[in-house]
Amino acid sequence: MRSGRRNGTAGRAELTASSTGYRPNPRSQLLTTSNTPSRMRAAMVVAHHGIWRDMALLDDVIDASGGLARWNSLNRFTLHLSVGGTLFASAGHAREFKDVTAEGSTRTQSVRFTGITGGEYSGSFQPDAITIESPDGEVLRTWPNPSLAFPEAGSAALADELHLVFFCGVAIWNCLTNPFLLAHPDVVLEELPPWQENAEIWRRLRAQFPPSLITLASEQIFYFDENALQRRTDHDLFGNKVAHYSWAHDSFGGIVVPTLRRAQTLQPDGTVLAKPVLMDVEIFDAVFE
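Under our numbering, residue 300 is the last one in the sequence shown; the count climbs by one each step, no gaps.
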């Protein structure tokens, strides 16, 4: 892992702490997808008035996160992180994913967690199978084709450890690969009108993900601050709307990652409930290879 913990702890206590600024590079005309490098996608998006125009926002966002050229040169990631929140506690898994290691692919949906359940087990996520293994690699439990039978109710959806590994695998992989995943040729994007978040103006993209990509929700709205850094994502989760905030960005090997995340209930009137915190993620360190 990278030597030393990330810095910038002054911005950790408050959700509205300022993000580290990264100036975007000159805009590209074409975006190469992260998992199909031989294909190119014209940088176009539907603006909210229905007219096609250059995808300047996505260009800026990807550049601010490290650039597509750097991302396409990578194959793997390793994270030291903790995941928690009331979704986990209410299902009896308050500390299952505290202080774990996640190793995965930047090109395919694959994540392996070590150190779960207090270091007793490892868990692996792939779209076609979830496994739980002993420390010496023995497969203890397997769940084939998990996305076809994942429960839709809150705490019940995470009651089984196989469900928990599936949920965390999908969540962590998608969190880490965005915004680069938005350049996938089958993701449909629409730029929405700007949004005022407290005293800041954030730009927004609505993304419709294809069935070939396993996500927490097929439709999501991404918010980006004045530095083109991702600060919030709205989507459905277990039958409810959530606002998933991200902040305290840091650069790991040239890839800029929000190291703190928090998911909260989004009410029908658009307001966000401060409590309970449904899910929180803290990334202590990251390595990209």
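Note that the Cβ used here is the ideal one computed from N, Cα and C, for glycine as well.
- DSSP, read as helix, strand or coil, puts serine 158 in helix.
- Take leucine 175, set aside five residues on each side of it, and the residues of its chain with a beta-carbon closer than 7 angstroms to its own are His104, Glu107, Leu169, in chain order.
- A distance below 7 angstroms separates the beta carbons of histidine 255 and threonine 244.
- Closest in C-alpha terms to serine 158, from the list Ala228, Leu240, Leu192, comes Ala228.
- In this structure, the beta-carbon distance from valine 198 to alanine 218 falls below 7 angstroms.
- Judged by DSSP in its simplified three-state form, alanine 113 adopts strand.
- Leucine 69: not part of any beta strand (DSSP E); member of the alpha helix (DSSP H) spanning 67–75, first to last residue.
- With a cutoff of 7 angstroms on beta-carbon distance, valine 267 and serine 76 are scored as near each other.
- A distance below 7 angstroms separates the beta carbons of phenylalanine 235 and tryptophan 213.
- The beta carbons of leucine 216 and leucine 200 sit closer together than 7 angstroms.
- Judged by DSSP in its simplified three-state form, leucine 277 adopts strand.
- Per DSSP, threonine 125 is one residue of the beta strand (DSSP E) stretching across 122–126.
- Between the alpha carbons of leucine 79 and arginine 273 lies a distance of about 26 angstroms.
- Leucine 271 is bridged by DSSP to Trp258, Glu293.
- Note that the C-beta distance between serine 121 and arginine 87 is not below 7 angstroms.
- Taken through DSSP and simplified to helix, strand or coil, leucine 193 comes out as helix.
- Counting only residues of its own chain and dropping the five nearest sequence neighbours on each side, valine 72 has a CB closer than 6 angstroms to the CB of Pro190, Phe235, Ala239.
- For valine 176, the enclosing alpha helix (DSSP H) starts and ends at 172–188.
- Ranked by how close their Cα comes to the Cα of leucine 192, the residues Trp206, Ile232, Thr282, Phe220 have Phe220 in first place.
- For threonine 153, the beta-bridge partners assigned by DSSP are Thr142.
- Between the beta-carbon of phenylalanine 136 and that of glycine 96 there is about 18 angstroms, and that puts the pair past the 8 angstroms contact cut.
- The C-beta of alanine 113 has 16 or more other C-beta atoms within 10 Å across all chains shown, which makes the residue buried.
- Annotation for arginine 81: the continuous alpha helix (DSSP H) segment containing it runs 79–83.
- In this structure, serine 93 lies near glutamate 293, with their beta-carbon atoms less than 7 angstroms apart.
- Between leucine 151 and isoleucine 143, the CB-CB gap stays under 7 angstroms.
- Per the C-alpha coordinates, the member of Ala210, Phe263, Ile127, Pro279 positioned closest to glutamate 300 is Phe263.
- Between leucine 90 and alanine 259 a beta carbon distance of about 15 angstroms is seen, past the 8 angstroms cut, so the two are scored as non-contacting.
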